[in-house]
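Line by line, the protein sequences are chains A and B.
Counted from 1, the first sequence has number 22 at position 22 by this note's numbering; the numbering is strictly sequential.
Here this note's numbering runs 1000 ahead of the position in the second sequence, where the first position is 1.
Virtual Cβ for every residue (Gly too), placed ideally from N, Cα, C.
Being a predicted model, the structure only gives us computed values, none of them experimental.
The next block holds one structure in the form of structure tokens; read it before the comments.
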Amino acid sequence: MTTPANGIDRTGLESRPVEHEVVRITKLNKTFHKRGLKALDDVDMTLRHSTFTSVIGPSGCGKSTLLKIMAGLIPATSGEILLNGKAVTGPRQDIGIMFQQPTLLPWRTSIENVLLPIEIRSGAAAAQAKKDDALRLLELVGLEGFDHVHPHELSGGMAQRVAICRMLVTGPAILLLDEPFGALDELTREYMNVELQRICRERDATSFMVTHAIPEAVFLADQVFVMSARPGRIATIVDVDLPRPRNLDMMTTPEFGALVRRVRHSLDMGIDGGGLA
Amino acid sequence: MTQTTQGPRGPAEMSDAEELWYSGKWIDRVPQWVSITVLGLAMLGLWWLIAELMPTNLKILLAGPADTFEELWDTTKNIVSGGHIAEGLWITTQEVLLGFLAAAILGFVLGVVVGETRLGKRAVMPYLVALNALPKVAFAPVFVAWFGFGVNSKIVMALFIAFFPVIVDTAAGLYSVDADTVMLFQSMESSRWQTLRKLKLPSALPFIFAGLKTAAVFSVVGAVVGEYLGGGHGLGELIRLSAQTLRIDRVFALIVYLGILGLLLFGLVAWAEKKLLFWHKSEIFEIQGTG
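Below, the structure written as structure tokens:
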């Protein structure tokens, strides 16, 4: 990656070569027949390699449902999700997922938690063989030396770092993040967002994050999908062309403020039932 | 300091001596072993007083502390020298241990069936609830008829009284598993068996141990009730005979040994829990204190 003379890495969308598609979603619909609820209505989207996508929307707009369908955890009513050209019909090894809670097993050490996906899929011997990879991941997230510590001895932010390692250990093609830092305090959350950006860049990760917080959505993303509710659909796409790596000071710039206002405006339209799609 | 901060405190806050000094209630300033000892001595005194004040013709109905401790000493000598009380204690111990083990295994298996399968929850559980509502002691004569006057009928009685809490707590533990973590296991393509073994059963352990602790106490009840109603040579039978001859001091001494038996079994389960559940919330304070 080249760094221009002014010291800012201007790898915005316009200057970046168009990366290949990792995820393509076409005409995705989800209806919960029991409740007679149309949760998702003709959702289309494309996620390109090494990009970060935030999804924001009012409660009940179906964003978490969308994430679970993308993870293969619940079936769609109709439509198609292609991940690296192959239809997602169930959970897959090349899908990484992370929740609001760290969901670590409290009786396992950090490294045992990180290796859990390998152990479940390929057995204890395969997990043992991946131990060096897991240690490198813990190092990547800044938890060097914490490999034999149990979750109750970790802070909330540290526990989420272990969850990040567990998500990355299988080398997934897409990272699905369901409000990953929503349970953390504001200061830790901002810091974790900077960390997440660094980790995603180092791993060239393609990420898809559901969130409630507009600044967080803008700060991390290359594109923000704004959803409207009942039925859930993507109302607006806001491209974020702020330079990377981004830092917290950037959140006070007029450009950042303008993007936050655009997302806010789109959200208000969606809630009013206006919709821009 | 405001009024609200002067109320009862949790153990975590108690360590600060200065805060203790400020706390309003005098009982908070007395070390706990002192309050326990003082209350114990007071109750002993009351017991002694009541026994002394009994009319002479009724004295035989309530053995005083002195008589009881003397009898306890004789009982202990008998046990140490391998007398008939030692034999009774050994029989009852076997009944309690085997009854508890059977209750633990059967309760655990049925608990997993109820907690893990739809059939168990919807069809088996209602029958177990109905069974639990029956006065189980009423079955003792049936067990004697089926399994004889020996230890077997008492083991079955102990099992019958003790296994239900293990079922309920095992099932409750399996239900208590965090939904997001179950989803995580699904995303890892975990089989039902893997999810049970690596997630649900370990998560359920705190509940299972709560059930086992109840079962430890109940199995002593079951064995003794079995002996009262079904004879044999255990401590329960010795208590029954002593009571018939109005040897209340001996009854008390034997009850002390039954209590020790129950406490030991309870302590054994609690010790195993402490070893296995180092990660559980209730144990965390100690872990951090030593580490």
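Assign residue i to one of three DSSP states: helix, strand, or coil.
i: A:Glu21; result: strand
i: A:Ser50; result: coil
i: B:Asn1078; result: helix
i: A:Asn29; result: strand
i: A:Glu216; result: helix
i: A:Arg233; result: strand
i: B:Asp1249; result: helix
i: B:Ala1051; result: helix
i: A:Asp268; result: helix
i: A:Asp42; result: strand
i: A:Ala87; result: strand
i: B:Ser1190; result: coil
i: A:Gln223; result: strand
i: B:Ile997; result: In the structure displayed, chain B extends from 1001 to 1291; residue 997 of chain B sits before or after that span and is not available.
i: B:Ser1219; result: helix
i: A:Val238; result: strand
i: A:Ser59; result: coil
i: A:Glu144; result: coil
i: B:Lys1274; result: helix
i: A:Ser110; result: helix
i: A:Ile74; result: coil
i: A:Leu259; result: helix
i: A:Glu80; result: strand
i: B:Thr1195; result: helix
i: B:Gly1232; result: coil
i: A:Val149; result: coil
i: A:Phe208; result: strand
i: B:Gly1211; result: helix
For residue i, collect the residues of the same chain with a Cβ closer than 7 Å to its Cβ; drop the 5 residues on either side in sequence, then sort them by chain order.
i: A:Val218; result: Val224, Val240, Phe256, Leu259, Val260, Val263
i: A:Arg166; result: Asn113, Val114, Leu116, Pro117
i: B:Ile1167; result: Gly1107, Leu1110, Gly1111, Val1114, Leu1128
i: B:Pro1011; result: Reliability of the predicted coordinates at B:Pro1011 is poor, the pLDDT of 45 falling under 50, and no value is obtained from them.
Sorted by chain position, which residues of the same chain lie with C-beta nearer than 8 Å to residue i's C-beta, five sequence neighbours on each side aside?
i: A:Lys130; result: Leu115, Ile118, Val169
i: A:Pro102; result: Pro151, Gly156, Ala159, Gln160, Val162, Ala163
i: B:Ile1027; result: Ser1035
i: B:Leu1131; result: Phe1164
i: A:Ala134; result: Ile111, Val114, Leu115, Asp147, Cys165, Val169
Grab me the residues of residue i's own chain with a C-beta within less than 6 Å of its C-beta, minus the 5 sequence neighbours each way, in chain order.
i: B:Gly1120; result: Val1113, Val1114
i: A:Lys27; result: Asp42, Gly79
i: B:Pro1055; result: none
i: B:Ala1172; result: Phe1207
i: B:Ala1145; result: none
Mind checking whether the beta-carbon of residue i lies closer than 7 Å to any heavy atom of the ligand NAD?
i: A:Asn29; result: For the ligand NAD, the structure offers nothing, since it holds no ligand at all.
Check whether the Cβ atoms of residue i and residue j lie closer than 8 Å to each other.
i: B:Tyr1257; j: B:Arg1240; result: no
i: A:Val22; j: A:Ala173; result: yes
i: B:Ala1162; j: B:Gly1230; result: no
i: B:Pro1141; j: B:Gly1211; result: no
i: A:Phe208; j: A:Leu176; result: yes
i: A:His148; j: A:Glu179; result: no
i: B:Leu1235; j: B:Ile1155; result: no
i: B:Val1220; j: B:Val1096; result: yes
i: B:Gly1226; j: B:Phe1143; result: yes
i: A:Arg246; j: A:Gln197; result: yes
i: B:Ala1103; j: B:Ala1158; result: yes
Please look up how many angstroms separate the CB atoms of residue i and residue j, rounded, as I've assumed it's under 8 Å.
i: A:Asp222; j: A:Phe32; result: Not quite, the Cβ-Cβ distance comes to about 31 Å (not below 8 Å), so this is no contact.
i: A:Ala235; j: A:Ser266; result: 6 Å
i: A:Gly72; j: A:Pro91; result: 5 Å
i: A:Glu190; j: A:Leu248; result: 6 Å
i: B:Glu1052; j: B:Asp1249; result: Between B:Asp1249 and B:Glu1052 the Cβ distance is about 15 Å, and since that is not below 8 Å, they are no contact.
i: B:Met1188; j: A:Ile120; result: 4 Å
i: B:Pro1065; j: A:Trp107; result: Wrong, their Cβ atoms sit about 47 Å apart, outside the cutoff.
i: B:Phe1252; j: B:Thr1068; result: 5 Å
i: A:Gln93; j: A:Gly182; result: Their Cβ separation, rounded to whole angstroms, is 26 Å, which puts A:Gln93 and A:Gly182 out of contact at 8 Å.
i: A:Val210; j: A:Leu67; result: 5 Å
At 9 Å on the CB atoms, spell out the chain C contacts of residue i, in chain order.
i: A:Ile237; result: The structure shown contains no chain C; the protein chains it does contain are A and B.
Contact set between the segment 1183 to 1203 of chain B and chain A, restricted to residues whose Cβ is under 8 Å from the partner: Met1183, Leu1184, Phe1185, Gln1186, Ser1187, Met1188, Glu1189, Ser1190, Gln1194, Lys1198, Leu1199, Pro1202
Under 9 Å (Cβ pairs) to chain A, residues found in the segment 1259 to 1280 of chain B: Leu1276, Leu1277, Phe1278, Trp1279, His1280
Residues from the segment 1153 to 1183 of chain B in contact with chain A, defined by Cβ distance under 7 Å: Asp1178, Asp1180, Thr1181, Met1183
Short-range partners of chain B found in the segment 97 to 116 of chain A, where Cβ spacing is below 8 Å: Ile97, Phe99, Gln100, Gln101, Thr103, Leu105, Pro106, Trp107, Leu116
Positions along the segment 79 to 96 of chain A whose CB lies within less than 9 Å of some CB in chain B: Gly90, Pro91, Arg92, Gln93, Ile95, Gly96
Interface residues of the segment 118 to 152 of chain A facing chain B [CB-CB below 7 Å]: Ile120, Arg121, His150, His152
Selection of the segment 64 to 80 of chain A by Cβ proximity to chain B, strictly under 9 Å: Lys68, Ala71, Gly72, Leu73
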